[in-house]
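What follows is one structure encoded as structure tokens, with my remarks underneath.
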Amino acid sequence: MYEWLNALSRGDFDRQQLLAALGARGPAQEALFGLARSLRDQNFPHRSVETRSVVEISNFCSRGCLYCAIGCLPQSEHFTLTPDEFVEIVGLLHARGRKHILLQSGENNSEEWVENVGVSVEKALQVYPDLDFIINLGVLTPTQCLRLRRAGISRAILKFETSNARLYADMKPGDQLDVRLQAIRDLVAAGFGTGSGNIVGLPGQTLDDLAGDLTLLHTLPLTMASSTVFIPGRGSALQDASAGELHTTLNYMALMRIMNPKVLIPTTSSLEKAGPGGQLLGLMAGANTVTIHDGTPRELKEKYPIYSKDRFMPSEEHIRRIVLDAGLVMEEF
Ligand code: SAM
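Counting in the working numbering, the sequence shown tops out at residue 353, every number present.
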């Protein structure tokens, strides 16, 4: 047994243990994943994987994050679903048996937009009261959080992206880490089950930064945690940068599980983009949530270039296969 792994299993999450685990490869990495899986399976004994359908509800974004191409889209490419269009899409997902709908968009905290989201979800819940809605819309004001909670949305995700305030300001010009952290606390205060997380492999990020991300995540009162591998998105300011490292991201995910055993952790499509088989490895590293990108109309998907225009979009068949291969079960739907 590795000394750092012993320490982690005793709940010693000091920086030196985190750094050793982030660098683990081969048998050491297998042992790390094994600990993460055993904690997941103890805390989720039914072994079921939460399945979310993503609806990209708008691609308008008021930010210019260097890693993301959405903020660079010309106005002629902008779309926002109307409440009726949203309800129609949700109806199709409901007919497929989906239970959890994840609404994603660029950042836009105009009152009109937030009201549009609130009304969209209220209308959808009138027709499909059994559905569970999750939002990932960027920073909202405390009043906007309460408005959306009142609409019946149960959970919200707002990633802090990096715990290094200087790197954050470099990656998100005009934005500040403190503001984002307060917005995460506002979501919690509004009563949302809340998720947060980071991006692994941002240009200029160090292993020490990742250890800091894990420590920050551990202090937040979260029900969900996530990590994506940095993918240089075509059309973004960082399109020529190198992608993040798949295996460091997987180790980071295993550490998220070990430090926060009860949270839901997704295995994201960015892992598959970083290396074939990456999403299955995410489940082997302790994840227990999958997202299916089947909620955005085909003609609009091109206009939501989050990692790149040719980003990997996992099909339901692919998701079913990796869940089975990981020895887990799809949540009944
Ligand atoms: N715009 C909202 C926000 O900033 O919170 C939510 C939607 S955003 C598209 C969802 C997440 O995608 C971000 O929080 C970020 O972590 C991730 N993301 C965006 N571009 C990425 C990239 N190039 N590589 C990896 N993750 C990325």
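Glycine included, C-beta positions come from ideal geometry on N, C-alpha and C. On a predicted model such as this, the values are computed, not experimentally measured, just so you know.
Per DSSP, cross-strand counterpart(s) of residue i
i	result
D206	In the DSSP output, where bridge partners are listed per residue, D206 has none listed.
D152	H120
S125	S78
I312	S73
V249	V220
T100	S78
E181	N218
Burial state of residue i, where buried means 16 or more other Cβ atoms lie within 10 Å
i	result
P286	buried
M21	exposed
V349	exposed
N63	exposed
D198	exposed
G138	buried
S140	buried
D150	exposed
R200	buried
Given residue i as reference, the closest of the options once Cα atoms are compared
i	options	result
P223	L236, L207, G217, K192	K192
L227	A40, E292, R60	A40
G126	A89, E142, P103, L145	A89
L168	P281, L145, L28, L52	L145
S247	S256, S140, G255, L266	L266
F212	Q164, M279, D233	Q164
T214	L122, L275, A346	L122
A210	C92, L160, L300, R30	L160
P334	G347, V343, H313, E351	H313
L157	V141, A176, G297	A176
E97	N79, G194, L113	N79
L28	L59, R45, G46	L59
Straight-line gap, residue i to residue j (C-alpha atoms, nearest Å)
i	j	result
D260	V220	17 Å
Q37	R277	15 Å
I173	H338	28 Å
G111	E105	10 Å
K179	S290	15 Å
E108	I77	12 Å
T316	R170	25 Å
F250	C85	13 Å
E132	C81	14 Å
R341	V134	37 Å
Q202	A231	21 Å
A189	A115	43 Å
E181	G217	6 Å
A185	Q299	29 Å
P162	D345	42 Å
T269	D229	13 Å
Q49	V343	20 Å
G91	P103	23 Å
Reduced DSSP category for residue i - H, G, I as helix; E, B as strand; rest coil
i	result
G217	strand
L348	coil
V69	strand
M244	strand
R175	strand
T288	coil
V134	helix
E336	helix
T402	Residue 402 cannot be examined here, being either before or after the span of the chain that is shown, 21 to 353.
Y165	One point to set straight first is that residue 165 is Cys, not Tyr, in the sequence displayed. C165: helix per DSSP, three-state reduction.
Chain D within 8 Å of residue i, Cβ atoms only
i	result
T243	Here there is only one protein chain, and chain D is not present.
beta-carbon residue i near the ligand HEM non-hydrogen atom, thresh 7 Å
i	result
T248	Because the ligand HEM does not appear in the structure shown, any question about it cannot be addressed here, the ligands present being the ligand SAM.
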